[in-house]
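Inspection log for the structure reproduced underneath, given as structure tokens.
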Amino acid sequence: MEGQGSGKKMILKPLRIISKNLDEEAMLLSPSSRMFHEPNYNVYVLAIMGWKVPINVDSIKAELQSKILKHPRFSSLQVMDESDGGGNMRWVPTTVNMDDHVIVPLQLADNNVDKDELVEDYISNLSTTNVDMSKPLWDFHILNVKTCHAEATSVFRIHHSIGDGVALMSFLLSCFRTTSDPTCLPKLPVFSSSNDKSNLSQTKNRKKNLWQYLVKLWFFIKLLFNTIADVLLFIATALFLKDSQTPFTTTQGFNASARQRYIYRTISLDDVKFIKDVTNAKVNDVVLGITQAALSRYIHRRYGKGKFSLEGMRCRANVIVNLRPALGVKAIAEMIEKNVAVIQGNCFGFVLVPLSIGQLDNPLDYVGKAKTSMDRKKHSLESQCTFYASQLFLNLFGFKDAAKLTQRVTSQTTLALSNVIGPREEISCAGHPLEFVAPTCSGYPTGIMVHVCSYANKLTFTIAVDEGIIPDLKQLGDDFIQSFMLIKEAAAHHTKLATKLD
1 MEGQGSGKKM ILKPLRIISK NLDEEAMLLS PSSRMFHEPN YNVYVLAIMG WKVPINVDSI
61 KAELQSKILK HPRFSSLQVM DESDGGGNMR WVPTTVNMDD HVIVPLQLAD NNVDKDELVE
121 DYISNLSTTN VDMSKPLWDF HILNVKTCHA EATSVFRIHH SIGDGVALMS FLLSCFRTTS
181 DPTCLPKLPV FSSSNDKSNL SQTKNRKKNL WQYLVKLWFF IKLLFNTIAD VLLFIATALF
241 LKDSQTPFTT TQGFNASARQ RYIYRTISLD DVKFIKDVTN AKVNDVVLGI TQAALSRYIH
301 RRYGKGKFSL EGMRCRANVI VNLRPALGVK AIAEMIEKNV AVIQGNCFGF VLVPLSIGQL
361 DNPLDYVGKA KTSMDRKKHS LESQCTFYAS QLFLNLFGFK DAAKLTQRVT SQTTLALSNV
421 IGPREEISCA GHPLEFVAPT CSGYPTGIMV HVCSYANKLT FTIAVDEGII PDLKQLGDDF
481 IQSFMLIKEA AAHHTKLATK LD
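Residues in the sequence shown are numbered consecutively from 1, following full-length UniProt numbering.
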């Protein structure tokens with residue numbers, strides 16, 4: 001069992017290679033991956049998974065060994081290359097002992113402690129520790145105790161230098177099979193533009209229509225204008241533009257050693273789609289609307305009109321956008337069997353989305369305002385520009401300054417928001433059916449981070465905050481549920497009124 005200290009998080013220095021004659025297999029870490037080893041940007045991905053049955057440790061361990069270790073990044077050390085003096089690191093293949101990575105804490109067997117709090121405290125303590133640099137930077141924690149959420153819980157902790165959330169999710173799902181058919185791999189939803197077919201026919205019919213070219217020109221000018229405005233706002237945020245002080249803001253700046261706490265709340269994905277249809281929005285719009293409503297509810301309930309004024313408050317969400325084309329779980333599984341590297345570093349950009357924080361009479365207005373903001377961002381290349389700008393900054397100034405820049409942008413905004421699409425069908429791993437999956441992060445330089453993940457007919461919100469910022473985190477989680485219920489009731493009421501009018 002790996003010890004978890006209750007003190008401050010220790011920044012472990014990478015192992016150092018003294019020899020100048022590195023093995024050819026010791027590939028260089030990409031600058032974006034190397035950036036995640038900086039002291040104030042030492043980020044881990046945590047995949048919290050709830051199971052419908054108690055976990056058989058030996059079968060899970062065997063499944064991980066047969067799948068995970070086939071990928072070189074999960075069986076390689078990250079070591080410092082001192083031959084060039086630039087602080088670069090390399091992947092060095094090593095022999096993996098599964099007992100060093102699969103951790104089953106014995107102290108959880110104490111029956112006199114509330115199991116839900118025990119699991120929450122254990123996961124929180126993971127934010128104060130690092131995986132030892134003398135082994136590949138991942139571990140799998142098995143918490144075989146029953147909680148109100150599941151019969152058992154596990155936490156897959158992976159250093160962000162190994163890959164981004166979308167790549168890691170696809171890789172993780174390759175270890176699963178559908179519950180209905182144990183031989184079938186899970187499938188991720190594939191979204192295509194609903195206008196593809198209509199655009200194709202219109203192109204044939206209106207190829208020489210001047211109006212079509214004028215519309216295209218207008219959309220191009222709009223795209224160009226929005227992109228320039230968004231990039232300038234991003235630069236201003238990096239230099240001086242900071243959000244208003246809120247209960248979710250770190251007053252003394254980000255502290256990498258601060259303990260983080262995590263909660264997760266699950267709602268019905270079918271109900272979210274119902275709200276989406278009523279408001280003519282997207283699922284992401286509804287998610288942002290629920291988040292805005294929950295934060296507004298929390299501030300109003302806790303502080304009223306006293307310490308924080310909701311009028312004129314500038315709050316923004318730093319939305320993390322994946323830019324890597326999805327390979328698909330089946331393709332990844334086939335590549336793993338061929339020992340081909342399927343995770344190729346990190347590939348994501350940032351989009352700064354304004355948050356509407358305030359008391360609104362109609363709960364559906366939160367979704368409406370979110371839709372307006374998201375529609376505006378869809379006509380912009382902000383995520384692509386921030387990605388390529390960060391890559392240029394990395395090449396010009398190095399990973400140390402790039403990490404400081406990224407930390408400054410995230411710390412200047414109110415919260416970080418990310419979503420991951422999971423499989424639509426129920427899945428199992430080594431005969432263990434999955435109840436829920438709640439991805440999150442530790443070490444990310446922001447006061448509050450919200451991750452959203454879909455699975456089967458469920459949508460799970462995972463909220464991560466620095467300990468001390470939100471004293472009643474469970475109440476904040478309940479605010480997400482209550483805000484969702486109010487929006488759902490307003491959508492049902494809107495549907496009834498529309499039916500009567502018809």
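Virtual Cβ for every residue (Gly too), placed ideally from N, Cα, C.
None of these values were measured; they are calculated from a predicted model.
Use the C-beta contact count for residue i: other C-beta atoms within 10 angstroms, 16 or more gives buried, fewer gives exposed.
i    : result
Y41  : buried
G447 : buried
T462 : buried
V44  : Note on residue identity: the sequence assigns Tyr, not Val, to residue 44. With 16 or more other Cβ atoms within 10 Å, it is buried.
G422 : buried
Y388 : exposed
S134 : exposed
D58  : exposed
N117 : Contrary to the premise, residue 117 reads as Glu rather than Asn in this sequence. Flag for E117 reads exposed.
P445 : buried
R206 : With a pLDDT of 49 at R206, under the threshold of 50, the predicted position of this residue should be treated as unreliable, though the coordinate-derived value follows. So R206 ends up on the exposed side.
P182 : exposed
Y264 : buried
G358 : buried
F140 : buried
C441 : buried
When DSSP builds the beta bridges, which residues end up paired with residue i?
i    : result
K458 : S268 and Y455
G349 : V321
L46  : R157 and T440
C148 : The partner list for C148 (beta bridge, DSSP) is empty, contrary to what the question assumes.
H432 : C429
W51  : A152 and L434
M27  : W91
Q260 : D466
F480 : According to DSSP, which records beta bridges pairwise, F480 is partnered with nothing at all.
F140 : V102 and F156
S390 : Beta-bridge pairing links S390 to no other residue.
L417 : V319 and V450
R177 : S428
With the cut-off set at 8 Å, would you say residue i and residue j are in Cβ contact?
i    : j    : result
S268 : N56  : no
T386 : F350 : yes
D243 : Q412 : yes
M98  : Q65  : yes
I60  : A416 : no
E382 : F234 : yes
V367 : G289 : yes
M169 : P439 : yes
N419 : G163 : no
A294 : F436 : no
K52  : E151 : yes
K377 : V353 : yes
T266 : T147 : no
Can you give me the C-alpha to C-alpha distance between residue i and residue j, rounded to a whole angstrom?
i    : j    : result
K488 : A464 : 25 Å
H160 : E38  : 12 Å
L323 : P471 : 35 Å
F248 : T414 : 7 Å
N280 : L396 : 44 Å
L223 : S180 : 45 Å
L486 : D277 : 16 Å
P93  : F74  : 9 Å
N188 : S454 : Looking at the sequence provided, one finds Leu at residue 188 rather than Asn. If I take the Cα positions, the gap works out to 10 Å.
V283 : P363 : 16 Å
V450 : H494 : 28 Å
D408 : G398 : The residue asked about is misnamed: residue 408 is Arg in this sequence, not Asp. Cα-Cα distance, rounded: 16 Å.
H71  : L217 : 46 Å
G87  : L232 : 31 Å
E63  : S174 : 11 Å
T178 : N130 : 33 Å
D121 : R261 : 8 Å
M49  : L473 : 20 Å
Is residue i near the ligand GDP, in the sense that its beta carbon is under 7 Å from a heavy atom of that ligand?
i    : result
K400 : Ligands displayed in this structure: none; no statement on the ligand GDP is therefore possible.
- Message: List, from N- to C-terminal side, the alpha helix (DSSP H) runs of 4 residues or more that fit wholly inside the segment 73-137.
- Response: 115-126
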